[in-house]
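With the working numbering, letter number 87 in the sequence shown gets 151, and the count goes up by one each step, no holes. C-beta: ideal position from N, C-alpha, C; glycine also. Predicted model, so just to flag it, every value in this text is computed and none were measured. Notes follow the structure.
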Amino acid sequence: MSKFVPKGVMPALVTPFSRDGDINEDGFKQVIEYTISKGVTGVVPAGTTGEFSYMRTEERKKLLKLTVEFVDGRVPIVAGTGMHSTKATVELTKYAADIGCDAALVISPYYLRPVDKGYYEHYAAVASKGNLPIILYNIPQCTLGPLNSNVVEDLANLDNVVGIKDSSGNVPYLLELIQKLEGKIEVLCGADEAFLSAVVAGSNAAIMASANVIPHI
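So, in structure tokens, the structure goes:
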């Protein structure tokens, strides 16, 4: 497996829906085409901004397959594959690998919050069984709490863990991650208000909702 290295600005793609609740495929393709035309270094479908939590598993698979077919190798694809359970996350990550995605963005288990050991075991299982490089995803406002930076540091030693996206907006936490993980994995900024601080501190990558609109900044 080639080592995917997160870099540059990647949009957390919005998912347009029709009035009857189906994925608006033409609208989705327009978003992808626009962001690629502005020079993004990858695209991220089925993440938080893409409203994955409101989709059935089959809808997420459909969205990922549509992305792979339309992007057609022009930029890397980081698939949002996080689910409530470890087993379901592994299965969706394997699917993303099978259809040609380049990496997976994996949110922490949500609704029921694990202890630190549970977080580690969840991510370790996805990294070892999912057949894709993974980016950890810290978004405590949606998962009942942050990923402990010590757990992240331990996970950074696993072969298929290539980054962590931090959408907390907590700049001290972000800077702590950048310091601890230097030379190990990439820290990706996921919060607009923390972007400048992240760049100044040495982050080389971001996954941003705002990149759907202003990807060239």
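* **Which of helix, strand or coil DSSP assigns to Pro197** => Indexing the sequence shown from 1 puts residue 197 at position 133. Three-state result, Pro197: coil.
* **Beta-carbon proximity list for Arg177, same chain, < 6 Å, skipping 5 on both sides** => Numbered from 1 along the sequence shown, position 113 holds the residue referred to as residue 177. Once the five neighbours on either side are set aside, the close Cβ partners of Arg177 are Leu208 and Gly209.
* According to DSSP, is Phe68 helix, strand or coil? -> For the purposes of this step, residue 68 is taken as the residue at position 4 of the sequence shown. Looking at Phe68 - three-state DSSP - the assignment turns out to be coil, as it is neither helix nor strand.
* Asked: Roughly how many angstroms lie between the CA atoms of Gly247 and Ser149, to the nearest whole one?
  -> To locate residue 247, count along the sequence shown from 1; it is residue 183. To locate residue 149, count along the sequence shown from 1; it is residue 85. About 30 Å.
* **Secondary structure of Val73, DSSP reduced to three states** => As a working note, residue 73 is residue 9 in the sequence shown. Three-state DSSP puts Val73 in a strand.
* Within this structure, are the beta carbons of Pro109 and Leu127 separated by less than 8 Å? -> Numbered from its first residue, the sequence shown carries residue 109 at position 45. Numbered from its first residue, the sequence shown carries residue 127 at position 63. Going by C-beta atoms, Pro109 is nearer than 8 Å to Leu127.
* Should the segment 158-167 be regarded as contacting the segment 81-95, the criterion being three or more beta carbon pairs within less than 8 Å? -> no
* Does the distance from the CB of Ile203 to the CB of Ala167 come in under 8 Å? -> As a first step, residue 203 is located in the sequence shown; it is residue number 139 there, counting from the start. As a first step, residue 167 is located in the sequence shown; it is residue number 103 there, counting from the start. No, the Cβ-Cβ distance between Ile203 and Ala167 is not below 8 Å.
* **Sequence-distant residues of the same chain with beta carbon closer than 7 Å to Phe68, five excluded per side** => On the sequence shown, position 4 is the one that residue 68 refers to. The answer, listed in chain order, is Pro140, Asp166, Ala167, Pro197 and Val226.
* Beta-ladder partner(s) of Cys253, from DSSP -> Mapped onto the sequence shown, residue 253 falls at position 189. DSSP, once it has assigned bridges, lists Asp230 and Ala270 as partnering Cys253.
* Considering only the beta carbon of each residue, do Val107 and Leu130 sit closer than 8 Å? -> As a position in the sequence shown, residue 107 is number 43, starting the count at 1. As a position in the sequence shown, residue 130 is number 66, starting the count at 1. No, the Cβ-Cβ distance between Val107 and Leu130 is not below 8 Å.
* Asked: Quick one: complete alpha helix (DSSP H) runs, 4+ long, within the segment 117-149?
  -> 121-135
* If you draw a straight line from the alpha carbon of Glu144 to that of Val170, how long is it in whole angstroms? -> Translated into positions along the sequence shown, residue 144 becomes position 80. Translated into positions along the sequence shown, residue 170 becomes position 106. Sequence check: residue 144 is Gly here, not Glu. Approximately 6 Å between the Cα atoms of the pair.
* Asked: Looking only at its own chain, which residues have a Cβ that is under 7 Å from the Cβ of Tyr201, when we skip the five neighbours before and after it?
  -> Here residue 201 refers to the residue found at position 137 when the sequence shown is read from its first residue. Cβ neighbours of Tyr201 beyond the five flanking positions: Gly146, Leu169, Val170, Ile171, Ser172 and Lys229.
* Which residues DSSP lists as bridging Val108, in chain order -> Locating residue 108 in the sequence shown gives position 44, where the first residue counts as 1. DSSP output for Val108 lists Ala76 as bridge partner(s).
* Using the beta-carbon count (16 or more within 10 Å), is Arg138 buried or exposed? -> Counted from its first residue, the sequence shown places residue 138 at position 74. Classification of Arg138: exposed, given that the 10 Å Cβ count is below 16.
* To do: Please name the residue in Pro70, Phe81 and Tyr98 whose C-alpha comes closest to that of Val277.
  => By one-based count along the sequence shown, residue 277 stands at place 213. With distances taken between Cα atoms, Val277 lies closest to Tyr98.
* From the DSSP output, read off the bridge partner residues of Asn202. => Residue 202 sits at position 138 when you count from the first residue of the sequence shown. Asn202 is bridged to Asp230.
* Please report the Cβ distance between Val73 and Ala270, rounded to the nearest whole angstrom; I am assuming they are in contact, meaning their Cβ atoms lie under 8 Å. => As a first step, residue 73 is located in the sequence shown; it is residue number 9 there, counting from the start. As a first step, residue 270 is located in the sequence shown; it is residue number 206 there, counting from the start. Between Ala270 and Val73 the Cβ distance is about 5 Å, and since that is below 8 Å, they are a contact.
* To do: Under 6 Å Cβ to Cβ from Lys193, same chain only, skipping five residues before and after it: list those, please.
  => Locating residue 193 in the sequence shown gives position 129, where the first residue counts as 1. Excluding residues within five positions, the ones whose Cβ falls inside 6 Å are Val154.
* With a cut-off of 8 Å on the beta carbons, I'd call Leu219 and Ala188 a contact; round off their distance for me. => Residue mapping note: residue 219 aligns to position 155 of the sequence shown, counting from 1. Residue mapping note: residue 188 aligns to position 124 of the sequence shown, counting from 1. Confirmed, about 7 Å.
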